[in-house]
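Peer 1: Here the sequence shown stands for residues 1 to 314, where the numbers follow full-length UniProt numbering. We put the beta carbon where it would ideally sit given N, CA and C, even for glycine.
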Amino acid sequence: MENEVFPLLKFSYDNLPNATMKCCFLYCCLYPEDYCIPRKRLMEYWFCEGLLNEFDRISEAQMQGNDIISSLLICLLENCGVIDGEDCVKLHDVIHDMALWITREFEATESNFFVKAGAQLFKEPDVKAWESGKRISLMKNKIAVLKQTPKCPNLRTLFLSQNELQMISNGFFQFIPHLTVLDSSRNIGIRVLPEGISQLVSLECFDLSWTGIEELPIELKALTKLKMLDLSYMRNLRKIPQHLISSFSKLQIFKMWLPGIQLYPNEDNVLNRGNEKLIEELKGLQCLNILTITIHNMFSLERFLSFNLFQCET
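1. Among Phe-172, Gln-242, Lys-142, Ile-143, which has the Cα closest to the Cα of Leu-155?
2. Whole-angstrom Cβ separation of Tyr-45 and Val-181, contact assumed at under 8 Å?
3. Mind checking whether Ser-209 and Ser-247 have CB atoms under 7 Å apart?
4. Between the stretch 81-93 and the stretch 52-68, do at least 3 Cβ pairs fall closer than 8 Å?
5. CB Leu-76 to CB Phe-25, shorter than 7 Å?
6. What do you reckon, are the CB atoms on His-92 and Glu-105 nearer than 7 Å?
7. Tell me where the beta strand (DSSP E) around residue 388 begins and ends.
8. Out of Tyr-13, Ile-290, Asn-236, Leu-8, point me to the one whose CA is closest to Thr-103's CA.
9. Find the nearest neighbour of Cys-152 within the set Pro-194, Gln-64, Leu-200, Val-145, judged by alpha-carbon distance.
10. Helix, strand or coil for Lys-22 per DSSP?
11. What did DSSP end up calling Pro-7 once you bin it into helix, strand or coil?
12. DSSP state of Gly-284, grouped into three classes?
13. In this structure, how does DSSP classify residue 319 when only helix, strand and coil are distinguished?
14. Cα separation between Pro-17 and Val-127?
15. Under DSSP, the alpha helix (DSSP H) around Gly-65 begins and ends at which residues?
16. Could you spell out where the alpha helix (DSSP H) holding Glu-105 opens and where it closes?
17. Could you pull out every unbroken alpha helix (DSSP H) segment of at least 4 residues lying fully inside the stretch 144-175, listed in chain order?
18. List the endpoints of the continuous beta strand (DSSP E) containing Leu-229.
19. Is the CB-CB distance between Leu-203 and Ser-137 below 7 Å?
20. Measure the Cβ-Cβ separation of Ile-190 and Gln-162 and say whether it is below 7 Å.
21. Within its chain, find whatever has a CB closer than 7 Å to the CB of His-96; leave out the 5 residues flanking it on each side and keep chain order.
22. In three-state terms, what does DSSP make of Asp-14?
23. Grouping DSSP H, G and I as helix and E and B as strand, with all else coil, what is Val-201?
24. With the cut-off set at 7 Å, would you say Thr-211 and Asn-187 are in Cβ contact?
25. Between Asn-170 and Glu-195, how many whole angstroms is the CB-CB distance? I'm expecting something under 8 Å.
26. For Thr-314, collect the residues of the same chain with a Cβ closer than 6 Å to its Cβ; drop the 5 residues on either side in sequence, then sort them by chain order.
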């Protein structure tokens, strides 16, 4: 197939009008073949990766992202309908294989993709196989433990979502200084973030949605470049220290959907008192552009409305 079909399909890739569109297309092969990719999340990742470089704000960058997706839908992407309220797109399995082929044969020096998405892995690959990677996807496998200490000086993107993670070693993130996007979502079995997470000082996009994490450590304040933080559906989350969320001065996207009012630890915790303390911290985030939170009582709603956060897409 590589010798016969892929060169023909590559014609559509070669005819894409610019390098940005080509990079955005290849980014899609980090997902498994025929996987329904939420459009908004894809554009948020593109934005944090610097691929939508015409704009500094996500609300403006989404216009460029939508234009790119519309163009790719003409020749390389397919619509995947609406899943859980989100418009989705996908790569057909042959197009997905062709995209991986391009990353190996033509873009290897620039891209360095290592993709084992949906490969039915039960343990992490040998780190020697992916230490030179720039974009790595281990999503949708059955990996329970990440115990190695990879040295990945060039790594920018790491997809760990939809595994069976229960533990990440404290040294796992120790030598990944330039990681920009980390997707750890849909790993309900993991309860504690590794100590080394605070060393990801270049991180701009952090997705913890649908994980079992019980507490965010105050050491996350070291992630000063964060532009996107997703804490949606973290049903075990019991504590977010005060002054943590407010320390993310560059945050543009913040999502946190939690169940109804529960009993949370009272000390140093923005989750108690119906999210009132959290709303207080949000008011200082001048770059905030997209906000999704649960408001549990009328007083919290009044406080929220008084902070004039209407520049946000809520």
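Peer 2: According to the structure data:
1. Locating residue 155 in the sequence shown gives position 155, counting from the first residue. Among Phe-172, Gln-242, Lys-142, Ile-143, the Cα nearest to that of Leu-155 is on Phe-172.
2. For the purposes of this step, residue 45 is taken as residue 45 along the sequence shown, with counting starting at 1. For the purposes of this step, residue 181 is taken as residue 181 along the sequence shown, with counting starting at 1. Yes, Tyr-45 and Val-181 are in contact; Cβ-Cβ is about 5 Å, under 8 Å.
3. To locate residue 209, count along the sequence shown from 1; it is residue 209. To locate residue 247, count along the sequence shown from 1; it is residue 247. No; because the gap between Cβ atoms is not below 7 Å, this pair is not in contact.
4. no
5. Against the sequence shown, residue 76 aligns to sequence position 76. Against the sequence shown, residue 25 aligns to sequence position 25. Their beta carbons are under 7 Å apart, which means Leu-76 touches Phe-25 by this criterion.
6. Taking the sequence shown and counting its residues from 1, the one referred to as residue 92 is at position 92. Taking the sequence shown and counting its residues from 1, the one referred to as residue 105 is at position 105. With respect to the 7 Å criterion, His-92 and Glu-105 are not classified as neighbours on the basis of their beta carbons.
7. One cannot answer for residue 388 here, as it falls past the ends of the chain, which runs 1 to 314.
8. Taking the first residue of the sequence shown as 1, we reach residue 103 at position 103. Closest option to Thr-103, Cα to Cα, is Tyr-13.
9. Sequence index remark: in the sequence shown, residue 152 carries index 152 (1-based). Measuring C-alpha to C-alpha distances from Cys-152 to each of Pro-194, Gln-64, Leu-200, Val-145 identifies Leu-200 as the nearest.
10. Residue numbering aside, residue 22 sits at position 22 when the sequence shown is read from its first letter. Here Lys-22 sits in helix by DSSP.
11. In the sequence shown, counting from the first residue as 1, residue 7 sits at position 7. It is helical.
12. If you number the sequence shown from 1, residue 284 lands on position 284. Coil.
13. Because the chain in this structure spans residues 1 to 314, residue 319 falls outside the shown range and cannot be described.
14. To locate residue 17, count along the sequence shown from 1; it is residue 17. To locate residue 127, count along the sequence shown from 1; it is residue 127. Each residue's alpha carbon lies about 36 Å from the other.
15. The count along the sequence shown starts at 1 and reaches residue 65 at position 65. Per DSSP, Gly-65 belongs to the alpha helix (DSSP H) from 58-75.
16. The residue labelled residue 105 in the question sits at position 105 within the sequence shown. For Glu-105, the enclosing alpha helix (DSSP H) starts and ends at 93-105.
17. With a minimum length of 4 residues, no continuous alpha helix (DSSP H) run stays inside the stretch 144-175.
18. One-based indexing of the sequence shown puts residue 229 at position 229. From DSSP, the beta strand (DSSP E) with Leu-229 extends over 228-230.
19. Taking the first residue of the sequence shown as position 1, residue 203 is located at position 203. Taking the first residue of the sequence shown as position 1, residue 137 is located at position 137. Between Leu-203 and Ser-137, the C-beta spacing is not below 7 Å.
20. Taking the first residue of the sequence shown as position 1, residue 190 is located at position 190. Taking the first residue of the sequence shown as position 1, residue 162 is located at position 162. Cβ atoms of Ile-190 and Gln-162: not closer than 7 Å.
21. Within the sequence shown, numbered from 1, the residue matching residue 96 stands at position 96. Contacts found: Cys-29, Glu-33.
22. The count along the sequence shown starts at 1 and reaches residue 14 at position 14. Three-state DSSP puts Asp-14 in a helix.
23. For this step, residue 201 is matched to residue 201 along the sequence shown. Of the three classes helix, strand and coil, the one that applies to Val-201 here is coil, per DSSP.
24. Here residue 211 refers to the residue found at position 211 when the sequence shown is read from its first residue. Here residue 187 refers to the residue found at position 187 when the sequence shown is read from its first residue. The answer is yes: Cβ separation under 7 Å.
25. Position 170 of the sequence shown, counting from 1, holds the residue named residue 170. Position 195 of the sequence shown, counting from 1, holds the residue named residue 195. Contact flag correct, Cβ pair sits at about 4 Å.
26. Numbered from its first residue, the sequence shown carries residue 314 at position 314. Here Thr-314 scores only 46 on pLDDT, less than 50, and its place in the model should not be relied on; the value that follows carries that caveat. Same-chain partners within the cutoff: Leu-291.
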